[in-house]
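S.K.: Attaching a single structure in C-alpha cells format; questions to follow.
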Amino acid sequence: MRLLPFSCVLPFLIFISGFLYAEPVVIGSKKFTESYVLGEIAKRRLSDAGFSADHRQGMGGTIILWEALRTGQIDVYPEYTGTIAQEILKRSEPLTFEQAANELRKAGIGMTEPLGFNNTYALVMRRNRANALGVRTISDLQKHPELKIGLTHEFLDRQDGWRPLAQQYQLNPRSVLGIDHALGYAALNNGSVDVKDAYSTDAKISENNLVVLEDDQRFFPQYQAVFLFRFALSEEAVTALRKLEGTIDEERMTRLNAEAERTKNYTRAASLYFEPEAASALGGRVRSTSAFGEDFPHKLARWTVRHLELAGFSLLLSIVVGVPLGIWASRGRAIGHAILGFTGVVQTIPSLALLALLVPLPFFGISVRTAIAALFLYGLLPIVRNTATGLQDIPRGLRESAVALGLSARASLWQIYLPMASRSILGGIKTSAVINVGTATLAALIGAGGLGEPILSGLNLNDHATILQGAIPAAILALLVQWFFDLLDRILIPKGLRL
Amino acid sequence: MNALVQLLGVSKTFGDAPAVHTIDLSVGRGKTMVLIGPSGCGKSTLLRLIIGLLESDSGEIRFDGTQLRADNIDFVRRRVGYVIQEGGLFPHLTARGNILLMARHLGRGQNEMLARLGDLCGLTRFPENLLGRYPLELSGGQRQRVSLMRALMLSPELLLLDEPLGALDPLVRAALQKDLKEIFARLQQTALLVTHDLAEAAYLGDEIVLMNEGRIVQQGSLVDLRERPANNFVSDFINAQQSLTVI
Chain H
573 MRLLPFSCVL PFLIFISGFL YAEPVVIGSK KFTESYVLGE IAKRRLSDAG FSADHRQGMG
633 GTIILWEALR TGQIDVYPEY TGTIAQEILK RSEPLTFEQA ANELRKAGIG MTEPLGFNNT
693 YALVMRRNRA NALGVRTISD LQKHPELKIG LTHEFLDRQD GWRPLAQQYQ LNPRSVLGID
753 HALGYAALNN GSVDVKDAYS TDAKISENNL VVLEDDQRFF PQYQAVFLFR FALSEEAVTA
813 LRKLEGTIDE ERMTRLNAEA ERTKNYTRAA SLYFEPEAAS ALGGRVRSTS AFGEDFPHKL
873 ARWTVRHLEL AGFSLLLSIV VGVPLGIWAS RGRAIGHAIL GFTGVVQTIP SLALLALLVP
933 LPFFGISVRT AIAALFLYGL LPIVRNTATG LQDIPRGLRE SAVALGLSAR ASLWQIYLPM
993 ASRSILGGIK TSAVINVGTA TLAALIGAGG LGEPILSGLN LNDHATILQG AIPAAILALL
1053 VQWFFDLLDR ILIPKGLRL
Chain F
99 MNALVQLLGV SKTFGDAPAV HTIDLSVGRG KTMVLIGPSG CGKSTLLRLI IGLLESDSGE
159 IRFDGTQLRA DNIDFVRRRV GYVIQEGGLF PHLTARGNIL LMARHLGRGQ NEMLARLGDL
219 CGLTRFPENL LGRYPLELSG GQRQRVSLMR ALMLSPELLL LDEPLGALDP LVRAALQKDL
279 KEIFARLQQT ALLVTHDLAE AAYLGDEIVL MNEGRIVQQG SLVDLRERPA NNFVSDFINA
339 QQSLTVI
C-alpha cells in the first residue's frame, strides 16, 4: 500500500513517453516569431538533406532552450551571440566569436558561423509620441521620467538588459512593468505603455509605425544569429545546417518575419527563404501547398488529439494514484492530513511555476512527460479529497453495520464503502478532468503541443483569431468532458443512491 | 450456568467519563433481555461492546463460553444479528441485496438463500414483491423489517437490537412490537434489546435490566421493579414513565 502510488506512476510515465516520443533531429525555438521562422528554416534544410526533423516551436526562453540542448532533449536551436556571452556563458565583458565558440565546445555544443543578420535589442516608441516629445535617442529618455516603460520579463532580468541599461543611461522612470512581448505591442498602441523593448528585425516595428530609439552610448552588444547544435549531431546534419551561414541579412529576416506575422504560417514564411534557390536548384519542380503547411482541420485534429492524450493520460494517473491515496487519507490520523496537505500545496503552485520546477529535473525536461506529470499533480487534489470526504461522510451507523455483519475489510471497501462514496469520487474525477482539459493548454509552453499551441502563437502574434482557434475548441472540449462525466454518473453511481 | 453471553466486570471509559462501570451480566439462552434507562446510561455501549464495535478497557466478555478477542470477533459477529434504530441498510443495495449480502459473501448456495429469504418474508410479514426496492423506496417500518431479516439471515444465536423501533410512528411501532414478540417466541431467539420505553420493555422482555450512569441499578421483572425498587432512582424512573402512560 505504501509503495502503491510510486510503483504506479513510473511504469505509466515510461509507457507514455515510449510512444509519444520519436527520435528525429529535434529543433527547438524560443517563443517569438523570428525564432519560429529560423527553426522552420533549419527543419526544411535538414529535411531537404534527407533527415527526419522535428520542430518544437516556442519552447520558452534562453535558459529552457539551453538546458534542453545541453541535456540532449533538442539537437539544434537558433541563438544570438550576445545572448550566448551574457546569458549562457555569464560573461560581463564582451567575447569574441572564437572565445564564445571555445567556451561552448567545453559544454559539448557547437556553433555555426553567423547567419548574416544582427538582431540586437532596441527600445521602441510610437512614432508620433516620440516626435511630439522630441525623443530620438535612449539618452533623451532621461528628460522624460514620466514615460511608462513596459518590458518583457526576460529583458527585465537579463544581465545585458534593463538594469545595466538604465544605469549606463542614468534613466530613472517612474513606472517600469513586466509584460508579455506580444501583448506589449498592444499596450504600446493603446498608450498604456510608452516605451518597450524589441528586436531590431521585428516586423512589428514597421507594421505598427514605431521608431527605434538610437543606442547613442552603444550599450547593446552584437546579437548575430547563429545555430547552436550538439556535437552528437551527425556530421551530415551539421553540414546541411552550415549551408545557412551568411545567407540571411537583416532585410531578408525582417521580410520573413513580416510574412510569418501576416500569414500566421511559419512554415510558409520559412519556405520563402528557399524559393529562389529551390526554383533554380530543382528546376521549378512543383510542390503542393500541403508540403508547406497543414490545413486547419488537420491542425485542429492534431492539436485536439494531443490535448486529449495529455489530459487523458494525466487523468488516468490521477485516478490510479488518487483513489488509493484518498482511501488512505480517509482513515484520518497524521498520514491522512499529510496526504491532503501535500496535494493541497501542489494545487497552490501556479501551473507555470510547476512546469518550470519540473523542467530542470533529470527525468522530465522539455517533454510530454513533464506536461503529463504536472497535469497529474494538479488532478490529484480533487480526486484525493473527494475520495476521502466521500468515505468519511458515510454515516457511522452504516459503517458499523458493515463491521457488525462480519464483512472482511476488503469486502466492506469494495461492496459498501466505495459504492456509497461513488458520487463523491466521480465528482472529484470530473473536476480533475475539466481542470486538466483547461490546464493542458499550458503544455504548449514546453513544446508538448495540444490546443495551447495556437493560443500561444496567437498570443505571440497578437492575433485574436489564432488564439480563438485554440481557446474555443478547448472550451468545447471542457464542456464535452463535463457532459461525458454526467453521463457516466448515471452508469456508475448505484441506482439506490440516485433516488 | 447456561448463559450465551457473559459480561464479567466490564468497564469502558470515553475520555474521563465512564460509559459503563464494572458490569456483570448474563444473557440466558432463548430469553429476551431488555436494557432500559435514561439516555447516556451506557445501554447502547453494552451492545456495541458485545458486537466488538468497541473494545472494553477491563473485564471480559464471553460468547458461548469463548472470550471475545480481536482474532475471533468476525467469527462471533456471524453468529450475532445486529439491528439499529435507523436500520443501517445500505442505500445502494436493494432490500434483497441487503439481506443476502453476508450469505453471498460466505458463498452460500442460491437455492438455500432463496428458501431462507422466503421464510424470513413470511416471518416478518414483509411483502416479497418489495424485495427489489431500495431502502429509500421503503417506509420506516418496512426498512426495520428488512433490517431484521438481514440480522436473522444467518440464523444467529444472538440478536442485538438497539432501539429498533425508536424512530417509528406509534401505529407502526405497535404492529412491529407485536410481530417482534411473535418472532422471538417462534424462533426461541436469544435477544438483547435496548429501549427507553418501559411499556415496550415490559411487553417484549422476559427480564428487564435498568441502568443508570454506567451501572446496573436493578434486574428483574417489571413487577419486581415496581413493587421492590432497589432505590429512589428506580421508583422515580418507573413513576415518570407510568404517569406518561396514564395521560
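Protein chains in written order, with this note's numbering: chain H, 573 to 1071; chain F, 99 to 345. Every residue, glycine too, gets a C-beta built ideally from N, C-alpha and C.
1. As a quick exercise: from H:766, H:799, H:789, pick the residue whose alpha carbon is nearest that of residue 783 of chain H.
2. For residue 156 of chain F, which three-state DSSP category applies?
3. Give the straight-line distance between the Cα atoms of residue 100 of chain F and residue 263 of chain F, rounded to the nearest whole angstrom.
4. Residue 843 of chain H by DSSP, collapsed to three states: which one?
5. Decide if residue 244 of chain F is buried, meaning its Cβ has at least 16 other Cβ atoms within 10 Å, or exposed.
6. Would DSSP call residue 1002 of chain H helix, strand or coil?
7. Checking contacts by CB at 8 Å: is residue 560 of chain H closer than that to chain F?
8. Please state the DSSP three-state secondary structure of residue 795 of chain H.
9. Going by the DSSP bridge assignment, what does residue 786 of chain H pair with across the sheet?
10. Please report the residue range of the alpha helix (DSSP H) in which residue 741 of chain H lies.
11. Consult DSSP for residue 112 of chain F and reduce its assignment to one of helix, strand or coil.
12. List the residues of chain H whose Cβ lies closer than 8 Å to the Cβ of residue 223 of chain F, in chain order.
13. Spatial neighbours of residue 129 of chain F within its chain, please: C-beta separation below 7 Å, excluding the five flanking residues on both sides.
14. Between residue 882 of chain H and residue 1022 of chain H, is the Cβ-Cβ spacing less than 8 Å?
15. Below 8 Å between beta carbons: does that hold for residue 285 of chain F and residue 181 of chain F?
16. In this structure, what does DSSP give as the bridge partners for residue 209 of chain F?
17. Look at the Cβ atom of residue 191 of chain F, then the Cβ atom of residue 158 of chain F, and state whether they are nearer than 8 Å.
18. If you pair each beta-carbon of the segment 189–206 of chain F with each one of the segment 219–234 of chain F, do three or more pairs fall below 8 Å?
19. Select from H:657, H:885, H:1065 the residue whose C-alpha is nearest the C-alpha of residue 991 of chain H.
20. Count the other C-beta atoms from every protein chain shown that fall within 10 angstroms of the C-beta of residue 753 of chain H, then say buried if there are 16 or more, exposed otherwise.
21. Would residue 871 of chain H pass as an interface residue toward chain F - the criterion being a Cβ-Cβ separation below 8 Å?
22. 8 Å is my cut-off, CB to CB: does residue 999 of chain H come that close to chain F?
23. How should residue 1076 of chain H be labelled, buried or exposed, when 16 other C-beta atoms within 10 angstroms of its C-beta is the threshold for buried?
24. Taking only the alpha-carbon atoms, compute the straight-line gap between residue 691 of chain H and residue 654 of chain H and give it to the nearest angstrom.
25. Taking 8 Å as the limit between beta carbons, can you name the residues of its chain near residue 266 of chain F, skipping five residues before and five after?
26. DSSP three-state call for residue 251 of chain F: helix, strand or coil?
27. Does any C-beta atom of chain H lie closer than 8 Å to the C-beta of residue 103 of chain F?
28. Does residue 870 of chain H pass the burial test, meaning 16 or more other C-beta atoms within 10 Å, or should it be called exposed?
29. Would you please verify whether the beta carbon of residue 612 of chain H is less than 8 Å from any beta carbon of chain F?
30. Quick one, which of H:1058, H:973, H:826 has its alpha-carbon nearest residue 610 of chain H's?
31. Between which two residues does the beta strand (DSSP E) holding residue 310 of chain F run?
32. Taking Cβ to Cβ, would you say residue 886 of chain H is nearer than 8 Å to residue 963 of chain H?
33. From what residue to what residue does the beta strand (DSSP E) around residue 274 of chain F run?
34. In three-state terms, what does DSSP make of residue 989 of chain H?
35. In chain A, what lies closer than 7 Å to residue 970 of chain H by C-beta?
M.R.: Well, looking at it:
1. H:766
2. strand
3. 29 Å
4. helix
5. buried
6. helix
7. With chain H running from 573 to 1071 in the structure shown, residue 560 of chain H is simply not present.
8. coil
9. H:709
10. 734–741
11. strand
12. Going along chain H, no residue has its Cβ under 8 Å from residue 223 of chain F, so there is no contact; the nearest lies around 22 Å.
13. 288, 304, 305
14. yes
15. no
16. None; residue 209 of chain F has no bridge partner.
17. no
18. yes
19. H:1065
20. buried
21. no
22. no
23. Summary: the structure shown does not reach residue 1076 of chain H, with chain H confined to residues 573 through 1071, and so no result is reported for it.
24. 9 Å
25. 238, 239, 242, 274
26. coil
27. no
28. exposed
29. no
30. H:826
31. 305–310
32. no
33. From DSSP, residue 274 of chain F is part of no beta strand (DSSP E) but of the alpha helix (DSSP H) over 268–285.
34. helix
35. Absent here is chain A; the protein component of the structure consists of chains H and F.
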